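S.K.: Numbering (my numbering), first residue to last: 992 to 1534.
(1) Can you tell me whether residue 1078 is buried or exposed, with buried defined as 16 or more other CB within 10 angstroms of its CB?
(2) Hey, how far is the Cα of residue 1430 from the Cα of residue 1460?
(3) Taking 9 Å as the cut-off, decide whether the C-beta atoms of residue 1224 and residue 1239 are in contact.
(4) Quick test of the definition: if touching needs 3 or more C-beta pairs under 8 Å, does the region 1371 to 1382 touch the region 1420 to 1430?
(5) Rank 1482, 1159 and 1009 by C-alpha distance to the C-alpha of residue 1235 and give the top, closest one.
(6) Compute the distance between the beta-carbons of residue 1107 and residue 1101, then report whether it is under 9 Å.
(7) So which of 1098, 1213, 1228 and 1230 has the shortest CA-CA distance to residue 1222?
(8) Taking 7 Å as the limit between beta carbons, can you name the residues of its chain near residue 1099, skipping five residues before and five after?
(9) Closer than 6 Å by C-beta to residue 1032: which residues in its own chain qualify, once you throw out the five before and the five after it? Chain order, please.
(10) Counting only the same chain and skipping the five closest in sequence on each side, list residues whose C-beta sits under 7 Å from that of residue 1282.
(11) Terminal residues of the continuous alpha helix (DSSP H) containing residue 1038?
(12) Which residue wins for smallest C-alpha separation from residue 1012, given the options 1165, 1105, 1167 and 1172?
(13) Answer yes or no: do residue 1045 and residue 1069 have a C-beta to C-beta separation smaller than 9 Å?
(14) Sorted by chain position, which residues of the same chain lie with C-beta nearer than 6 Å to residue 1400's C-beta, five sequence neighbours on each side aside?
(15) Is the CB of residue 1191 under 9 Å away from at least one CB in chain D?
(16) Using the rule of at least 16 other Cβ atoms within 10 Å of the residue's Cβ for burial, across every protein chain shown, is residue 1450 buried or exposed?
(17) Is it the case that the region 1034 to 1041 contacts the region 1130 to 1149, given that we only count it when at least three CB pairs across the two stretches are under 8 Å?
(18) On the criterion of 16 or more Cβ atoms from any shown chain inside 10 Å, does residue 1008 qualify as buried, or is it exposed?
(19) Per DSSP, residue 932 forms a beta bridge with which residues?
(20) Which word fits residue 1250, buried or exposed, when buried means at least 16 other C-beta atoms lie within 10 angstroms of its C-beta?
(21) Would you give the residue range spanned by the beta strand (DSSP E) that residue 1021 belongs to?
(22) Looking at residue 1277: is its Cβ nearer than 9 Å to the Cβ of residue 1114?
(23) Is there contact here, the region 1461 to 1474 with the region 1179 to 1190, by at least three beta-carbon pairs under 8 Å?
(24) Inspect the beta-carbon positions of residue 1317 and residue 1357 and report whether they are closer than 9 Å.
(25) If you drop the 5 nearest sequence neighbours on each side, which residues of the same chain put their C-beta closer than 6 Å to that of residue 1516?
(26) Considering only the alpha carbon of each residue, which of 1406, 1124 and 1336 lies closest to residue 1309?
(27) Give a yes or no on contact between the region 1478 to 1489 and the region 1288 to 1301, applying the rule of three or more CB pairs nearer than 8 Å.
(28) Helix or strand or just coil, what does DSSP make of residue 1420?
(29) By the DSSP assignment, the beta strand (DSSP E) with residue 1186 in it spans what residues?
(30) Whose C-beta lies closer than 7 Å to the C-beta of residue 1392 among residues of the same chain, with five residues either side of it excluded?
(31) Are the Cβ atoms of residue 1188 and residue 1296 separated by less than 9 Å?
(32) On the CB-based measure, 16 or more other CB atoms within 10 Å of its CB, does residue 1439 come out buried or exposed?
(33) For residue 1049, name the three-state secondary structure that DSSP assigns.
(34) Note the first and the last residue of the continuous beta strand (DSSP E) segment covering residue 1514.
(35) What is the rounded straight-line gap between the Cα of residue 1409 and the Cα of residue 1307?
(36) Would you mind giving the Cβ-Cβ distance between residue 1355 and residue 1324, rounded to the nearest angstrom? I have them listed as a contact below 8 Å.
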């Protein structure tokens, strides 16, 4: 179906191709990324969605003179088919665990001498490590100095301007000076005297600061460079008030303009002895790596803060429990409203949007609530089978008749982050729906009650939740669980309970980690079932 938005997508692609011709570019790659390789993006870096019309949170757009396509995984295929229908774009389905397949496609379709443009500011260093040799093998040229979005997106949003605030005791259980001291000890263990951090949740954690630059995520745009004695936070001027600036300075933290980070990295050429810089290639952009001087030794490893923030202290875990209790009260209030409404045959029309509004209002009445932790997924009937469905004013369902209502929601509280999924029966429920619900519940219980050796790689646990479903010939196309932040991102690592995640050493399950468990069954066009709780890793003494 052709709509004004789909017509606009075609016009934007035409504009982009004109800009490509002007700059002698044969292919453009637009990833779902910002300069911090975030999962959730500020509006300024939602260019892939703007160009393609595909609103899913994960996908890569490639445009050539005669082709335009979006690569995304199975979680988003149903949504992408709908979003891309009626546009000149093709859906390129990524098989499970093949997130960089688009690089192979590029290499196969390029001729020697052709030019590929990717904005180096949003190109991940690890991805660049795959893309550059693939293009070189075809004799193609990679340009990372062009941001062609600026050439075609006349109303492109600017940088967010929300103020940064301090995450204070009692909720902040550890001080920033102590966190920086622990970080420097970890740096020394890697043989580094400098450490570049670009990931927003790591920065917010390290400096006990929070912001509102990314919807649902209490983070702010910044880079950080931690040196032997002091740390520099690169953040837009005006976002940190004078009083907080003085507090940071007393803790050994200096401020510099957001855009000055590359120049500061280049200045490490003067370091004596030569700088040894630790960075995480999966959390740093190619542009930032390129700014480092040739005489610097680059040490690639997981950000030490990523592991540190994943292991909640006893005090942090206690705060999260209290946040979960408040969240539970909000959910009880919500369900106390919903059940009689659903039972009333004379009720006014009830939509998926009403579910979102009521849930958010119930949470907003709880102490310490800041915002939802992600966009509520309220999917009735067939919409529940769309894994990352989001109701909009233009496209949503009325909750009527018989079916299942899947509700996946969460909240950001000063003392923790929540994420929970429940399924509500509406009207008469079939035996098949009961069976699906029971199998998913069995998977949730199995993994929630599992014991395993300390340090077990998180991906190895995935099969425990799937086993009851596998026994019935069923499966689901997403991971079973993800780490959850402490008044930070609802998705965090390093642990990921997923059959497609490599069981690398940094995925070890350790004491204090909070992880979701969320198995599901999806019947396209009919219904979906997903149940989700958060669990805390505890060490049991059974000697």
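Beta carbons are placed, not taken as given, at the ideal position from N, Cα and C, and that holds for glycine.
Bear in mind the structure is a predicted one, so any value in this text is a computation, not a measurement.
M.R.: Quick look at the numbers:
(1) buried
(2) 6 Å
(3) yes
(4) no
(5) 1159
(6) yes
(7) 1213
(8) A distance below 7 Å between beta-carbons, with the five flanking residues on each side excluded, links residue 1099 to no residue of its chain.
(9) Within the same chain, residue 1032 has close Cβ partners 1025.
(10) The answer, listed in chain order, is 1253, 1256 and 1257.
(11) 1038 to 1043
(12) 1105
(13) No, these two residues do not count as a Cβ contact at 9 Å.
(14) 1350 and 1367
(15) Checking the listed chains, one finds no chain D in this structure; it contains a single protein chain.
(16) buried
(17) Yes, the region 1130 to 1149 touches the region 1034 to 1041.
(18) buried
(19) Beyond the ends of the chain as shown, which are 992 and 1534, falls residue 932; an answer cannot be given.
(20) Here residue 1250 is exposed: its Cβ has fewer than 16 other Cβ atoms, across all protein chains shown, within 10 Å.
(21) Run containing residue 1021: 1018 to 1022, per the beta strand (DSSP E) assignment.
(22) Contact flag set, yes.
(23) no
(24) yes
(25) 1373
(26) 1406
(27) yes
(28) coil
(29) 1185 to 1188
(30) 1418
(31) yes
(32) exposed
(33) coil
(34) 1511 to 1514
(35) 13 Å
(36) Not quite, the Cβ-Cβ distance comes to about 11 Å (not below 8 Å), so this is no contact.
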